[in-house]
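A.B. asks: Before I ask anything, let me first share the structure, which is written out below as structure tokens.
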Amino acid sequence: MNIKIFGTGCPKCNTTYETVKKAVEQLNVNAEIEKITDINEISEWVFVTPGIAINDEIVFEGKVPTVEEVVKALKEYM
Amino acid sequence: MDIVGTIIYAIQVMYSTIVDYLNLNRVIAIAIAFFMAGGIASMINKNFIIKYFGPETPKHVSYIVASISGCVLAVCSCTILPLFASIYRRGAGIGPATTFLFAGPAVNVLAIFYSAALLGWDIGFIRAFFAVSMSIVIGLIMAAIFSSDEKKRKFTVRNADKITSRPGYQTAIFFLIQFVMMLIISASPKLLPLFSVPIVGGFLVKHLLTILLGILLAISVKKWFKPEEIKSWLNETWVLCKLVFPLLIFGVAVAGLMNAFIPPEYVTKYVGGNSISANFISSFIGALMYFATLTEVPIIKSLITLGMGTGPAMALLLSGPSLSIPTILTISKILGYKKAFTYLGIVVVLSTIAGLITGTILR
């Protein structure tokens with residue numbers, strides 16, 4: 081499973097990264113977590129940061145999800 | 007020079023400035039502003055607005071939406087650049103995209119209210135007016151200069167059907183109540199003395215009205231909103247509060263330090279009065295200097311006390327929030343150096359003009 085987190089490095093984006101890490105640990109799933117911080121690359125994927133894509137499909141855009149929400153999303157891809 | 011003594015003095019200055027600043031009415035107004043901002047962040051469907059940036063939208067609609075949507079789309083200033091990059095690269099047109107780029111940080115509801123509260127309603131209003139109108143002019147100029155460069159890409163926006171999941175009137179009332187609360191609590195004793203009439207001791211008419219409106223708000227929220235919407239609202243409010251309130255305090259502290267340590271002669275010499283050079287210097291510094299959200303207001307108030315002219319102050323208010331050296335570098339990565347520096351030039355020139363006009367009409 082590949083998880084991409086889109087954010088330029090602001091506090092919200094870092095919180096999103098931590099949330100995803102927690103969710104991955106909770107489910108004990110083997111996932112590669114990438115942080116995309118280049119603004120031009122981010123703009124190809126989402127309009128509003130922070131954003132999360134699982135296996136290259138956008139699952140969250142423009143909000144910092146809770147751990148439960150990320151866990152729910154991850155389960156759909158397991 | 008007594009270093010320890012100076013440091014102690016500096017800390018005393020910062021402390022007393024902050025304490026002076028945080029009087030009851032201000033704290034209440036700030037709290038309401040955060041709740042409103044949290045409401046905006048949690049309830050407005052951003053995608054509904056973003057779709058208006060698409061290439062099929064009539065240009066006049068795109069420009070108007072771009073100039074005022076910043077206050078709704080990006081309550082956190084870090085969202086503006088990625089959003090700008092996206093809409094530009096997907097076909098929004100350089101005009102509406104740069105209008106949004108400037109207006110996003112400039113048409114910030116919290117900042118404008120804060121400006122009005124600290125610097126006067128006339129300055130707050132003028133700031134809002136210029137922020138919106140300048141952003142449109144900037145966009146139009148950029149579109150005119152770079153007319154040959156129109157990217158048409160995939161501009162699909164997901165989930166863009168409704169602006170809020172609540173019925174429109176409920177959302178409108180929700181925001182209206184808070185807006186009125188904020189107006190009442192910050193009503194100037196000079197302009198609207200009725201609100202400052204005491205009922206008992208320090209408890210004024212405005213406090214009673216605010217409490218009554220607050221109860222009304224709580225009742226309507228409880229009645230209309232789902233629990234997870236309420237939770238989301240309060241959560242966004244808290245996140246913003248954690249992010250912005252320390253900056254607010256920091257801005258006030260820096261302003262206090264400036265008041266204590268910067269000699270007024272320097273300020274008056276370079277940015278006093280309303281000359282072209284005063285406005286230009288102010289505008290230019292604003293474009294380069296980084297101001298974290300809301301910090302520009304107490305700092306500019308401090309500069310005014312030290313002798314900065316009203317015109318140059320407005321120039322700084324306009325160019326400060328939207329631009330800084332790091333922002334310019336990021337914009338260069340998105341637009342290329344030529345467009346980025348053209349944008350910078352237009353902002354500086356227009357801010358200077360806006361400052362000159364302000365300094366003339368506000369004697």
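First to last, the protein sequences are chains Y and S. Using the numbering used here, you'd call the opening residue of the first sequence number 81 and step up by one each time. Using the numbering used here, you'd call the opening residue of the second sequence number 7 and step up by one each time. No residue lacks a Cβ here, since even glycine has one placed at the ideal position from N, Cα and C.
Who are the neighbours of Thr122 (chain Y) on chain S, taking C-beta pairs under 9 Å?
C.D. replies: Here the sequence assigns Ile to residue 122 (chain Y), which means Thr is not the residue at that position. Those are Pro88, Ala91 and Ser92, listed as they occur along chain S.
A.B. asks: Exposed or buried, Pro195 (chain S), counting other C-beta atoms within 10 Å across all chains shown (16 or more means buried)?
C.D. replies: Answer is exposed; the Cβ neighbour count stays below 16.
A.B. asks: For Pro204 (chain S), does the three-state DSSP call read helix, strand or coil?
C.D. replies: The answer is strand: DSSP assigns Pro204 (chain S) an E or B state.
A.B. asks: Measure the alpha-carbon distance for Lys152 (chain Y) versus Gly174 (chain S) and round it to whole angstroms.
C.D. replies: When rounded, the distance between both Cα atoms is 30 Å.
A.B. asks: For the alpha helix (DSSP H) that Gly257 (chain S) lies in, which residues bound it at each end?
C.D. replies: Looking at the DSSP string, the run of the alpha helix (DSSP H) that includes Gly257 (chain S) is Pro233 to Phe267.
A.B. asks: Give me the chain S residues within the contact set of Thr129 (chain Y), using Cβ-Cβ distance strictly less than 7 Å, ordered along the chain.
C.D. replies: Here the neighbours are Thr85 and Pro88.
A.B. asks: Look up Ile116 (chain Y) in the DSSP assignment and say whether it is helix, strand or coil.
C.D. replies: Looking at Ile116 (chain Y) - three-state DSSP - the assignment turns out to be strand.
A.B. asks: Can you tell me whether Lys143 (chain Y) is helix, strand or coil according to DSSP?
C.D. replies: Correct three-state label for Lys143 (chain Y): coil.
A.B. asks: Please report the distance separating the alpha-carbon of Ser121 (chain S) from that of Tyr69 (chain S).
C.D. replies: So the two alpha carbons sit approximately 25 Å from each other.
A.B. asks: Since Ile56 (chain S) meets chain Y, which of its residues come closer than 9 Å, beta carbon to beta carbon?
C.D. replies: Phe127 and Val128, listed in chain order.
A.B. asks: Chain Y beta carbons: is any one of them nearer than 8 Å to that of Ile340 (chain S)?
C.D. replies: It does: the Cβ of Ile340 (chain S) has a partner Cβ on chain Y nearer than 8 Å.
A.B. asks: On the three-state DSSP scale, how would you describe Leu214 (chain S)?
C.D. replies: Helix.
A.B. asks: Any idea if Ser330 (chain S) is buried or exposed, counting beta-carbon neighbours within 10 angstroms, 16 or more meaning buried?
C.D. replies: Buried.
A.B. asks: Taking only beta-carbon positions, decide if Arg95 (chain S) is within less than 8 Å of chain Y.
C.D. replies: Closer than 8 Å to some Cβ of chain Y, the Cβ of Arg95 (chain S) qualifies, so yes.
A.B. asks: Starting from Phe297 (chain S), trace the beta strand (DSSP E) in both directions and tell me its first and last residue.
C.D. replies: No beta strand (DSSP E) contains Phe297 (chain S), which DSSP labels as neither H nor E.
A.B. asks: Under the rule that 16 or more other beta-carbon atoms within 10 Å means buried, what is Gly145 (chain S), buried or exposed?
C.D. replies: Burial call: buried.
A.B. asks: Let me see if you follow: with CB-CB separation under 8 Å, is Ile85 (chain Y) close to chain S or not?
C.D. replies: Judged by the 8 Å Cβ criterion, Ile85 (chain Y) is not in contact with chain S.
A.B. asks: Counting only the same chain and skipping the five closest in sequence on each side, list residues whose C-beta sits under 8 Å from that of Thr170 (chain S).
C.D. replies: Taken in chain order, the residues that qualify are Met49, Ile50, Asn51 and Thr177.
A.B. asks: Rounded C-beta distance between Thr146 (chain Y) and Gly87 (chain Y)? I'm assuming under 8 Å.
C.D. replies: With 8 Å as the limit, Thr146 (chain Y) and Gly87 (chain Y) do not qualify as a contact, their Cβ atoms being about 17 Å apart.
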